[in-house]
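Residue numbering for the sequence shown follows full-length UniProt numbering, beginning at 1 and increasing consecutively.
Note that CB positions come from ideal geometry on N, CA and C, so glycine has one too.
Below you'll find the structure, written out as structure tokens, and then a few comments.
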Amino acid sequence: MKRPILIHPDPRLKKVCAAVPDLSDDLRVLADDMLETMYAAPGIGLAAPQVGILQRLIVLDCVKEEDGDPRPLVMFNPEIISSSDETNVYEEGCLSIPDQYAEVIRPKVVDVEWMDRDGNARRETFDGLWATCVQHEIDHLNGKLFIDYLKPLKRQMITRKMQKLKRERARA
1 MKRPILIHPD
11 PRLKKVCAAV
21 PDLSDDLRVL
31 ADDMLETMYA
41 APGIGLAAPQ
51 VGILQRLIVL
61 DCVKEEDGDP
71 RPLVMFNPEI
81 ISSSDETNVY
91 EEGCLSIPDQ
101 YAEVIRPKVV
111 DVEWMDRDGN
121 ARRETFDGLW
131 ATCVQHEIDH
141 LNGKLFIDYL
151 KPLKRQMITR
161 KMQKLKRERA
171 RA
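Structure, rendered in structure tokens:
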């Protein structure tokens, strides 16, 4: 089931999310719903707070090639274990901040541990776009948005555009 995506500014997007204590069927359904929502948007990542659920769950799939096999990842309680000193710059966007993009500098490579949808502990090294995406989504779980990396003036400008968008959508 596709879920509505919260638009910034929404106080739920600034909250630190609670750890997932135990996997339940409800959480697996949420993960499936989030993947469906992400693909439909379309996006390459989505965090639970973006659909109004304040739990540590993210989904991502950075395979963008038309003929590439999708690689959906579901991560419960993801945690960055280590990150490289080398950085990358990507123009980031966010499904909660539609049509707004800005360059963000992040570590180029990160090691992440998480629990998969079957309750198994997983660990993987991510590089490039995957590293950027997983860091962006984990930021959401900590109440941080990509615009928080920007200079105040640019951040305020984007926030005003989002407030205007929300007013227009409310009227529609």
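Using C-beta distances below 8 Å, list every residue in its chain close to V63, excluding the 5 sequence neighbours before and after it, in chain order.
D69, P70, R71
Evaluate S24 with the Cβ neighbour count: other Cβ atoms within 10 Å of its Cβ, from every protein chain shown; 16 or more gives buried, anything less gives exposed. exposed
query = Which of the three DSSP states, helix, strand or coil, is assigned to D139?
reply = helix
message: To the nearest angstrom, how far is the alpha carbon of P49 from that of Q55?
response: 7 Å
Which residues mark the beginning and the end of the alpha helix (DSSP H) in which V29 is found? 25–40
For this session: Could you check the C-alpha separation between Y149 and K164 for me, to the nearest Å?
Result: The alpha-carbon atoms of Y149 and K164 are separated by roughly 22 Å.
* To do: Could you tell me whether the Cβ atoms of R123 and V112 are closer together than 9 Å?
  => Yes, Cβ-Cβ distance for R123 and V112 is below 9 Å.
For G93, which residues from the same chain have a beta carbon less than 7 Å from its beta carbon, with the 5 sequence-adjacent residues on both sides left out?
-> Q100, Y101
Kindly indicate which three-state DSSP category E168 falls into: helix, strand or coil?
-> helix
Leaving aside the five residues before and after I7 along the sequence, list all residues of the same chain whose C-beta is less than 8 Å from its C-beta, in chain order.
S96, I97, P98, M162, L165, K166, R169
Query - beta strand (DSSP E) runs wholly inside the stretch 108–152, at least 3 long, in chain order - result: List check, beta strand (DSSP E) in window: 109–115, 121–127.
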